[in-house]
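Report on one structure; see the data block that follows.
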Amino acid sequence: MLIAVARETEANEPRVAATPETVKKFKALGADVVIARGAGIASGIPDADFEAAGATIGDDVTKDADLVLKVRRPSAGELAAYKKGALVIAIMDPYGNEAALKQMAEAGLVAFAMELMPRITRAQSMDVLSSQANLAGYRAVIDAAEQYGRALPMMMTAAGTVPAAKVFVMGVGVAGLQAIATARRLGAVVTATDVRPATKEQVESLGAKFLAVEDDEFKNAQTAAGYAKPMSAEYQAKQAALTAEHIKKQDIVITTALIPGRPAPKLITAEMVQSMRPGSVIVDLAVERGGNVEGARPGEVAVVGPAKIVGYLNVPGRLAASASALYAKNLYTFIETMIDKKEKTLAINWDDEIIKGTALTRDGAIVHPNFMPKTAA
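In the working numbering, the protein residues as written are 3 to 379.
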């Protein structure tokens, strides 16, 4: 069983899909591991560290591999270098990219999307969305503090008192909760909002104040899987009015709202941005999905009226070493379920809930029900 860790081809992707720690674990399971030359450099892992852990360093690492690990979905140009029947595991970004999934199917690859991992107790250690969002939430606060021209905590000095910054977090998933916790640790006064009623207690447990229109629709605004439901136009209008008034008084706003398979909901309008205090900062963590903030520009810090809108791409990748370490562990715990430890071979249980939930392509076809052609579905 040969496991290959491919080099990332996207210019904005510094993460790597393995660490020396996971290489050692794969070796203990009976696998041979080959790492693309220089694959870990941007994450602070030199080739020598991988070799010390038992891996081989190579160039065309995917051609004979039974299993290929990546951070991002392989591009069309990479597919010819993969062995037919090879398993490819990555963050596949499948929504809206059905043509790319079809190309992987036609190349004979068995593709798994880590971001489709079912949110069940057994799969918590495999949940790449949570591991990467956690880091994104932390980094959002650090990026906001860097752009903000004042201190975050209250400071009492002989020369006078510096007031604490007011931070507003919109969207209280994993990223939002980490943003709240980080902003609180840095001494800011924090408020937060979300359409899911279960988040109110979580926000308050971190010492922040919860802000929402708490009507009957709000009380039923969460799916069984824990995701936010799309809200009615009437509710959105009421929440927008409350939010608009609140944003006027904020120094830093961090938006994290995403709905799987849909464009990011617009939470902050141009009028709201214009109403903010001079020197205010907004960090839009959803900018890659269209953005929560009107006026956000992907990959840029846009100065819009009195505020800066931070639209950095691949925010977890801005903490490449930490992000790679967590992602590599997510991959290992997932792959471990596919291996017969006695025979030291791949033994995939296609009826396993986590396998069915993440498998995209198999036997030359797209097999995930969310992405199959309508006629096949």
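Note that the Cβ used here is the ideal one computed from N, Cα and C, for glycine as well.
Between the alpha carbons of residue 123 and residue 24 lies a gap of roughly 22 Å. By the neighbour-count criterion, in which a residue is buried when 16 or more other Cβ atoms sit within 10 angstroms of its Cβ, residue 14 is exposed. Here residue 200 is not near residue 139, since their CB atoms are 8 Å or more apart. Separation of residue 10 and residue 278 (C-alpha to C-alpha, rounded to the nearest whole angstrom) is 39 Å. The criterion of a C-beta distance shorter than 8 Å is satisfied by residue 155 and residue 188.
Going by DSSP, residue 244 is part of the alpha helix (DSSP H) stretching over 235 to 249. Residue 256 sits close to residue 146, with the two beta carbons spaced by under 8 Å. Put simply, of 196, 217, 204, 192 the residue whose alpha carbon is nearest the alpha carbon of residue 210 is 192.
Take the alpha-carbon of residue 168 and the one of residue 333: they are about 38 Å apart. Around the Cβ of residue 313, a 10 Å sphere holds 16 or more other Cβ atoms; the residue is buried. C-alpha of residue 213 to C-alpha of residue 245: approximately 8 Å in a straight line. Comparing alpha carbon positions, the residue from 248, 290, 263 closest to residue 275 is 248. The segment 63 to 78 and the segment 43 to 53 do not touch, with fewer than three beta-carbon pairs separated by less than 8 Å. Counting every other CB atom within 10 Å of its CB across the protein chains shown gives residue 126 a total below 16, marking it as exposed. By the Cβ-count criterion, residue 285 is buried, with 16 or more other Cβ atoms from all chains shown falling within 10 Å of its own Cβ.
In summary, residue 353 is exposed, with fewer than 16 beta-carbon neighbours lying within 10 Å of its beta-carbon over all protein chains present.
Three or more beta-carbon pairs drawn from the segment 110 to 119 and the segment 353 to 373 are found closer than 8 Å, and the two stretches are therefore classed as touching. The Cβ neighbour count for residue 376, taken over all protein chains shown within 10 Å, is under 16; the residue is labelled exposed. Closest option to residue 359, judged by alpha-carbon separation, among 21, 281, 128, 203: 128.
Secondary structure at residue 41: coil, using DSSP grouped into helix, strand and coil. Counting only runs of at least 4 residues, the segment 261 to 292 fully encloses the following alpha helix (DSSP H) elements, listed from N- to C-terminal order: 272 to 276. Taken through DSSP and simplified to helix, strand or coil, residue 9 comes out as coil.
Taking 8 Å as the upper bound for CB-CB distance, residue 288 and residue 260 are in contact here, some 5 Å apart. By a beta-carbon distance limit of 8 Å, residue 338 does not contact residue 131. Their separation comes to about 19 Å. Counted as a single uninterrupted DSSP element, the beta strand (DSSP E) harbouring residue 162 occupies residues 162 to 164. Beta-bridge partners assigned by DSSP to residue 360: none are found. Counting only the Cα atoms, residue 179 lies some 36 Å from residue 35.
Secondary structure of residue 115 (DSSP, three-state): strand. Shown here for residue 322: same chain residues with a beta carbon closer than 6 Å to its own, the five before and five after excluded, namely 16, 17, 44, 45 in chain order. Minimum Cα-Cα distance from residue 208 among the listed residues 194, 135, 95, 217 corresponds to 194. Taken in chain order, the unbroken stretches of beta strand (DSSP E) that lie wholly in the segment 126 to 188 and span 3 residues or more are 157 to 159, 162 to 164, 168 to 172. Of the candidates 144, 282, 267, 64, 64 places its Cα closest to the Cα of residue 39.
Listed in chain order, the alpha helix (DSSP H) runs fully inside the segment 307 to 340 are 322 to 338, counting runs of at least 4 residues. In this structure, 26 is the residue among 92, 42, 26, 82 with its C-alpha nearest to the C-alpha of residue 55.
Residue environment analysis places residue 163 among the exposed positions, since fewer than 16 neighbouring C-beta atoms fall within 10 angstroms of its C-beta. For residue 216 and residue 135, the gap between their C-alpha atoms comes out near 26 Å.
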